[in-house]
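Q: Residue numbering for the sequence shown follows our numbering, starting at 1 and increasing by one per position. We put the CB at the ideal spot given by N, CA and C, even for glycine. On a predicted model such as this, the values are computed, not experimentally measured, just so you know.
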Amino acid sequence: MKKAVRLGFLLVALGFGAWVVASQWDAVVAGFARLTWPMLAGSLVSVVGALLAAMMTWRTLLADLGSPLPLRAAAKVFFVGQLGKYIPGAVWPVLAQMEMGKDLGVPRPRSAAAFFLMMPIQLATGLLVTLVTLGWDRFGWALLLIPVLLVLLEPKVINAVIGFGLRRLRREPLERPLSRRGMLTALAWALAGWSAYGVHLFLLAGDMGATGGLLFAIGAFALTWSLGIMTFVVPAGAGVREAAMVAVMSPVLDRGSAIALALCSRMVIILADLICAAAAGAAARATVDRNPV
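1) Taking the C-alpha atoms as reference points, what is the distance between residue 269 and residue 46?
2) When you compare each of 285, 283, 274 to residue 85 by their alpha carbons, which one comes out closest?
3) From the DSSP output, in three-state form, read off residue 99 for me.
4) With a cut-off of 8 Å on the beta carbons, I'd call residue 256 and residue 240 a contact; round off their distance for me.
5) Please classify residue 236 as buried or exposed, where buried requires at least 16 neighbouring CB atoms within 10 angstroms.
6) So the candidates are 121, 144, 258, 145; which of them puts its Cα closest to the Cα of residue 35?
7) Could you tell me if the beta carbon of residue 249 falls within a distance shorter than 8 Å of some heavy atom in the ligand MN?
8) How would you label residue 147, buried or exposed, when you count the other beta carbons within 10 angstroms and need 16 or more for buried?
9) Expressed to the nearest angstrom, what Euclidean distance is found between the alpha-carbon atoms of residue 134 and residue 115?
10) Quick check: residue 129 and residue 191, are their CB atoms within less than 9 Å of each other?
11) Note down, in chain order, each residue of its chain lying with its Cβ closer than 6 Å to the Cβ of residue 67, except the 5 sequence neighbours on either side.
12) For residue 280, collect the residues of the same chain with a Cβ closer than 8 Å to its Cβ; drop the 5 residues on either side in sequence, then sort them by chain order.
13) Within the chosen definition, does the segment 49–58 reach the segment 184–198 through at least 3 CB pairs nearer than 8 Å?
14) Could you pull out every residue in the same chain whose Cβ sits closer than 7 Å to the Cβ of residue 185, ignoring the five residues on either side in sequence?
15) Are any of the Cβ atoms in chain C nearer than 9 Å to that of residue 72?
16) Which stretch, first to last residue, makes up the alpha helix (DSSP H) that contains residue 118?
17) With the cut-off set at 9 Å, would you say residue 152 and residue 205 are in Cβ contact?
18) Within a Cβ cutoff of 7 Å, which residues of the same chain sit near residue 102, ignoring the five residues on either side of it in sequence?
19) To the nearest angstrom, how far is it from the Cα of residue 162 to the Cα of residue 168?
20) As a quick exercise: from 55, 62, 223, pick the residue whose alpha carbon is nearest that of residue 175.
21) Give every residue of the same chain whose Cβ lies closer than 7 Å to the Cβ of residue 183, excluding the five residues on either side of it in the sequence, and list them in chain order.
22) How should residue 93 be labelled, buried or exposed, when 16 other C-beta atoms within 10 angstroms of its C-beta is the threshold for buried?
23) Please classify residue 157 as buried or exposed, where buried requires at least 16 neighbouring CB atoms within 10 angstroms.
24) For residue 224, which residues of its own chain have a beta-carbon under 7 Å away from its beta-carbon, when the five flanking residues on both sides are left out?
25) Out of 120, 261, 217, 285, point me to the one whose CA is closest to residue 57's CA.
26) With a CB to CB cut of under 7 Å and the five nearest residues on each side skipped, what residues in its chain are close to residue 180?
27) Please report how far the alpha carbon of residue 282 lies from the alpha carbon of residue 178, in whole angstroms.
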């Protein structure tokens, strides 16, 4: 039943999105025509930087919980595992990371804990960035969520929740609890990631004539991504993030250009995911070849 609901939601979102694009086709094509290769390349580099920051957020959490991984090994587990987010269902990335991490000596509960901590960290920092960059007059509702998320990011609360979950699953408790220093470091990496994502959107939007500025681009992307995180019923927030981006960019772009921007942003992010996964896998194999067991 749950699979049917997810599939139905995805089909409706994609169908509605296709209808919107078709209704604005000429304007969308005109928006794409304004893109330049240098800006696309710069946008792609920025997204790769954002993905590296996300990987460092996850690696920091995993190390703080007791499983420090070398950079190349961590990159392979994270980036290859993250490709599972494009498969319907929210479990594939964590399952992939748990299995690949196990081969490196990381207990499955520890991998799962690091993975699930990523969501509240990204959501809390994303809403905070939204509030700071876009203003409380339009997005003051984010204030209602931030205190709750900050409480949930308190290490004592997190450790208690993880411990309760492991007891319910009849698993051994984590050997090492999450520390405040580890959490603050992870939050800093997450904020760096939002900045890089904002640069990617700023470069693409500038090609299309947007005049919102870099801070507006950072906040706009943080908001749309946060909405995508909250709509986890569809793979990688497909459709939800694009619709939100069109709405948020409406003050600085016409509808057709905003649709083109949302679609181009999605394609750049998918390409960056594939590049990071391929590069991390190749780097990890090269390390094994140089240091055979």
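A: The relevant details are as follows:
1) 10 Å
2) 274
3) helix
4) Actually they do not touch by this definition, with Cβ atoms about 20 Å apart.
5) Below a pLDDT of 50, predicted positions are generally treated as unreliable, and residue 236, at 47, falls in that range; the measurement from the model is reported next regardless. Label assigned to residue 236: buried.
6) 258
7) No copy of the ligand MN appears in this structure; indeed no ligand is present at all.
8) exposed
9) 29 Å
10) yes
11) 106, 110
12) 72, 75, 76, 78, 79, 80
13) yes
14) 60
15) Although the question refers to chain C, the structure presented lacks it and comprises just one protein chain.
16) 108–134
17) no
18) 108
19) 10 Å
20) 62
21) 153, 155
22) buried
23) exposed
24) 241, 244, 245, 248
25) 120
26) 155
27) 31 Å
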